[in-house]
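Encoded as structure tokens, the structure appears first; notes follow it.
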């Protein structure tokens with residue numbers, strides 16, 4: 001990776017460049033930590049949604065996490081093979097699959113959350129607590145704005 005001084009100032013001033021570098025740095029660290037436990041960041045996202053919500057449809061999970069329907073099926077297949085989730089037919093609409101975390105999945109999610117927190121800390125080790133607080137606030141504001149925009153477009 002090139003030294004920071006070699007990166008053109010115009011790129012260093014670009015939010016899209018900055019966010020991409022941050023995304024790549026944290027993703028690489030998190031994925032490496034999770035790979036040691038035969039899981040991925042996207043699988044963790046799915047487990048976290050299911051732990052927080054108890055059950056969800058495959059389609060709702062895909063929409064919430066911006067994951068393509070066929071990719072979601074593959075993610076759930078892998079999670080189901082490890083007994084982290086279970087799928088059942090929706091009693092009201094037999095075409096829909098309801099997904100729920102198993103006890104093993106809830107325990108795994110808790111373990112993975114701790115691993116991710118450590119990995120993110122390593123990736124952002126040069127950042128102060130105040131800087132991280134500002135980063136989290138900015139991220140929440142951007143996501144909230146995105147959700148409002150999507151809602152307005154749907155309405």
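Numbering (the UniProt record's numbering), first residue to last: 1 to 155. Beta carbons are placed, not taken as given, at the ideal position from N, Cα and C, and that holds for glycine.
Cβ-heavy atom distance, residue i to the ligand FAD, below 8 Å
{"i": "residue 73", "result": "For the structure depicted, the ligand FAD is absent and the ligand set is empty, with no information on it obtainable."}
Test item: CB-CB of residue i and residue j under 9 Å
{"i": "residue 59", "j": "residue 69", "result": "yes"}
Collapsed DSSP secondary structure at residue i in the structure displayed
{"i": "residue 140", "result": "helix"}
{"i": "residue 145", "result": "helix"}
{"i": "residue 96", "result": "coil"}
{"i": "residue 91", "result": "coil"}
{"i": "residue 16", "result": "helix"}
Selection from the options that minimises the alpha carbon distance to residue i
{"i": "residue 50", "options": "74, 100, 75", "result": "100"}
{"i": "residue 29", "options": "63, 124, 143", "result": "124"}
{"i": "residue 85", "options": "142, 141, 102", "result": "102"}
{"i": "residue 135", "options": "6, 15, 46", "result": "15"}
Supposed close pair residue i, residue j - CB separation, criterion 8 Å
{"i": "residue 118", "j": "residue 33", "result": "7 Å"}
Contacting residues, own chain, Cβ-Cβ under 8 Å from residue i (five flanking each side not counted)
{"i": "residue 79", "result": "43, 46, 47, 85, 105"}
Chain-order list of residues whose beta-carbon lies under 7 Å from that of residue i (same chain, five-residue window excluded)
{"i": "residue 185", "result": "The question about residue 185 has no answer, for the chain in this structure spans 1 to 155."}
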